[in-house]
Amino acid sequence: MEQKDDIILQVRDLSVSYGHIKALREVNLEVRKGEIVVLVGSNGAGKTSIMETILGVNTPDAGQVTFEGRDITKNPVDKNVRGGMTLVPEGRGVFATMSVLDNLLLGAHHELKTAGKKLNFVFESFPVLGVRKNQLAGTLSGGERQMLAIARALMSTPRMIMVDEPSIGLAPIVVNSIFDILVNLNKEGYSILLSEQNVYKALKCAHRGYVLETGRVIKEGRAEDLLNDPAIREAYLGA
Amino acid sequence: MLNIEILIAQIVNGLSLGSIYVLLVTGFNLLLLVAMIIHFSFPVIIVFSIYMSWIVMNLTGSLALGILAAVASAILVNMVSAPIFQHIMRKRGSVDINATMVISMGMGMLITEWTSHAINNGFPISFETEAVDPHGWLRATRAPFIRAGLVSISYSQVLTLLTGIILVAALFWVLYKTKAGRAFRAIAENPDGARLVGIPLLKTGVQSYILTGILGGLTAALMALLLGQASPDLGDQLGHKVLGISIIAGLGNLGGGLVIALLLGIVEAIVQGVFSGGSWSNTVAFLLMLVIVLAKPRGVFGIKL
Ligand SMILES: Nc1ncnc2c1ncn2[C@@H]1O[C@H](COP(=O)(O)OP(=O)(O)OP(=O)(O)O)[C@@H](O)[C@H]1O
Ligand SMILES: [Mg+2]
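Protein sequences appear in the order of chains U and R. Just so we're aligned, residue 5 is where the first sequence starts under the numbering used here, counting upward by one. Just so we're aligned, residue 344 is where the second sequence starts under the numbering used here, counting upward by one.
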């Protein structure tokens, strides 16, 4: 029983297709409370599909998604966001023609009453966003946009944050600071499901990982074990 | 000839007409951006509301009930057509914008047919009759507020301009300062992104129908005040103009639509003054649109879709 209680997200036998294209085949995975779990896989492996299906964007062909013990398989996205999960989309998904402040408030769309408090918290954690709150999001640098996307996700008071390839297109030093942010958030108690092609760095900061290939989980385990796995080292770490 | 007073009178005149164009174009653009429909018959719905308001005022002689009827019928038409549009929109991934045009066109044709066969034998309706306006309030607004030589500004024009400014300001306040407005703008920029953040697309779409319904009804009341009459072909004329303004400004460009709509109102008023018959203002307006669209096919301020 105890084992079950500390699972925040459970995905069972999830299959998803887009028309005739089978994107996911019987995927099983779980995230425990307080964990960083990383999805590793090359382009088209199905990382985004998993996250978007969990969030409620796609209707799966089969399988079940359970969040905090509740079956959420058929929930629409806005209901799941209200329910405590959020996604930082691939490519950030900030609204370029809207101000930084508006972008943040969009994250708290379902509970604007408490948005003031959360804004203070977010501006404390990301001072640069406070300085630029009236600037259009389109004028931010890549790293700042990624921060904005993460901050916007926090505005929805999530318990689990899914982060889809945060490091894409960022300079190595910025990538490091984004990973630091994620690790700190995790220490504050947020459970994190992360997808990355920067396999080494992701596994370094994660607790566990799943390796995806053409829509299937081909390997799973503790992050350090995956890091030391010769097959993975060869396929993803070029060693 | 043209002197400064006449010019000022014409500009006031043009701005009051222009503020009506602003309301029409912004409603059209909102439906385009948020509900994702090309609703070029939106102005026809507003003419329908003018007719409903006329019918109610004819029966009751009450101005308040007339305004209420205008707003209620615009909201009603929007809410009745919403499920049909939403049905097409349900699969947001493959937005079938052509189908929305067919529905809009059909609605426009039905309304125009109805007004030209069933109401007043198809003759233009007037708000200045004894039955519609028993207290003579509307007729009183025809009196000149200021007179400058041959040209005068009537109370109705001043009233339209002031109310128009208030309505436009209120509309842009809703768009830029409220929760619903923020969601509108997010969906307008990136519907898929808005959904990922947790903005409910269908619910927000319905809110845009309600807002444009209220807007449409109030615009109908203003038009009745400014024009004092309506005819069955008014809706199509306005429909063409609104589509023209929106394309010239850049489809979906809210700020651009505001500027072009006001400019068009002023140009029309000045042309009307110069030819003092008024029948050339549409010709000049469309010639101007033609020239601009040839020079700037994506609109003066750029498409925002
Ligand atoms: N909307 C869609 N329509 C059709 N096929 C899609 C769609 N989205 C994804 N796919 C396909 O599903 C498979 C999985 O894609 P997905 O985006 O989940 O991969 P990914 O691991 O996130 O890749 P990347 O690292 O490039 O982001 C791919 O074959 C992709 O082409
Ligand atoms: Mg992806």
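Built from N, CA and C at the ideal position, the CB exists for glycine as well.
- So which residues of chain R does U:P93 contact, with C-beta pairs closer than 8 Å? G536, L539
- List the whole-angstrom C-beta distance separating U:V2 from U:A235, where the pair is believed to meet the contact cut-off of C-beta under 8 Å. Because chain U in this structure spans residues 5 to 243, residue 2 of chain U falls outside the shown range and cannot be described.
- Query: With burial defined as no fewer than 16 other Cβ atoms inside 10 Å of the residue's Cβ, what is the status of R:H382: buried or exposed?
  - Reply: Buried.
- Opposing strand residues paired with U:L33 [DSSP bridges]: U:V15
- Message: Under 7 Å, CB to any heavy atom of ligand 2. Which residues pass, going along the chain?
- Response: Per the CB criterion, closer than 7 Å to any heavy atom of ligand 2, the qualifying residues run in chain order as U:K51, U:T52, U:E94, U:D168, U:E169, U:S199.
- Message: Measuring straight from C-alpha to C-alpha, what distance separates U:V92 and U:T52?
- Response: 11 Å
- Could you tell me which uninterrupted beta strand (DSSP E) segments, each at least 3 residues in length, are contained entirely in the segment 187-241 of chain U, listed from first to last along the chain? 195-200, 212-217, 220-226
- Task: Measure from the alpha carbon of U:M166 to the alpha carbon of each residue in U:A66, U:T57, U:R16, then state which is nearest.
- Result: U:T57
- Query: Any idea if R:V414 is buried or exposed, counting beta-carbon neighbours within 10 angstroms, 16 or more meaning buried?
  - Reply: buried
- With 7 Å as the C-beta to C-beta threshold (strictly closer), list the residues of the segment 580-602 of chain R near chain U in chain order. none
- Query: By the criterion of Cβ-Cβ separation under 8 Å, what are the contact partners of R:E532 in chain U?
  - Reply: F99, A100, T101, M102
- Report the rounded CA-to-CA distance for R:G449 versus R:T369, giving the unit in angstroms. 22 Å
- Message: Going by the DSSP bridge assignment, what does R:R490 pair with across the sheet?
- Response: R:S495
- Determine the burial state of U:K122: buried for a count of at least 16 other Cβ atoms within 10 Å of its Cβ, exposed for fewer. buried
- For U:L216, verify whether its CB is less than 8 Å away from any heavy atom of ligand 1. yes
- Item | 6 Å CB neighbourhood of U:E6 in its chain, flanking five on each side removed | Here the model assigns U:E6 a pLDDT of 43, short of 50, so the residue's position is not dependable, and the following value carries that caveat. Within the same chain, U:E6 has no close Cβ partners at all.
- Query: Comparing the CB of U:G219 with every heavy atom of ligand 3, is any distance shorter than 8 Å?
  - Reply: Absent from the structure shown: ligand 3. Ligands present: ligand 1 and ligand 2.
- Take the Cβ of U:P131 as the centre, count every other Cβ of all protein chains shown within 10 Å, and call the residue buried at 16 or more, exposed below. Around the Cβ of U:P131, a 10 Å sphere holds fewer than 16 other Cβ atoms; the residue is exposed.
- Message: Going by DSSP, what residue range makes up the beta strand (DSSP E) through U:D168?
- Response: 164-168
- Local conformation of R:A442 per DSSP, three classes: If DSSP states are grouped into helix, strand and coil, R:A442 belongs with the helices.
- Return the CA-CA distance between U:G67 and U:L197, expressed in angstroms with no decimal places. 19 Å
- Message: Here's the rule I'm using: 16 or more other beta-carbon atoms within 10 Å means buried, otherwise exposed. How should U:M55 be labelled?
- Response: buried
- Residue ranges of each alpha helix (DSSP H) within the segment 476-551 of chain R, 4 or longer: 480-483, 498-520, 522-532, 534-540
- Query: Hey, does U:T118 have any beta-carbon neighbour from chain R nearer than 9 Å?
  - Reply: no
- Task: Between the Cα of R:I462 and those of R:L594, R:W397, R:P543, spot the shortest distance and give me the residue it belongs to.
- Result: For the residues R:L594, R:W397, R:P543, the minimum Cα distance to R:I462 belongs to R:W397.
- Query: How big is the Cα-Cα spacing for U:L241 and U:L110?
  - Reply: 38 Å
- Quick one: list the residues of chain U neighbouring R:A526, beta-carbon separation under 7 Å, in chain order. Within 7 Å of the CB of R:A526, the CB atoms of chain U belong to H113, in sequence order along the chain.
- Task: Please specify which runs of the alpha helix (DSSP H), each continuous and at least 4 residues long, are wholly inside the segment 62-88 of chain U, giving them in chain order.
- Result: 81-86
- Beta bridge counterpart(s) of U:V42 as assigned by DSSP: U:L198, U:G213
- Query: Any heavy atom of ligand 1 closer than 8 Å to the CB of R:G599?
  - Reply: Using a cutoff of 8 Å, the CB of R:G599 does not count as near ligand 1, since none of the ligand's heavy atoms is closer than that.
- Message: What does the Cβ neighbour count give for R:Y394, buried or exposed, with the cut at 16 atoms within 10 Å?
- Response: buried
- Message: Taking the beta carbon of U:D168 as the centre, do at least 16 other beta carbons fall within 10 Å, making it buried, or is it exposed?
- Response: buried
- Find out if the Cβ-Cβ distance for the pair U:V31, U:M164 is shorter than 9 Å. no
- Task: Give the residues of chain R in contact with U:V85, contact being defined as C-beta atoms less than 8 Å apart.
- Result: V540, G541
- Query: Shorter than 9 Å from the beta carbon of U:R16 to some beta carbon of chain R?
  - Reply: Using a Cβ-Cβ cut-off of 9 Å, U:R16 does not count as an interface residue toward chain R, since no Cβ of chain R sits closer than that to its own.
- May I ask you to list the residues that DSSP assigns as paired with U:V92? U:V167
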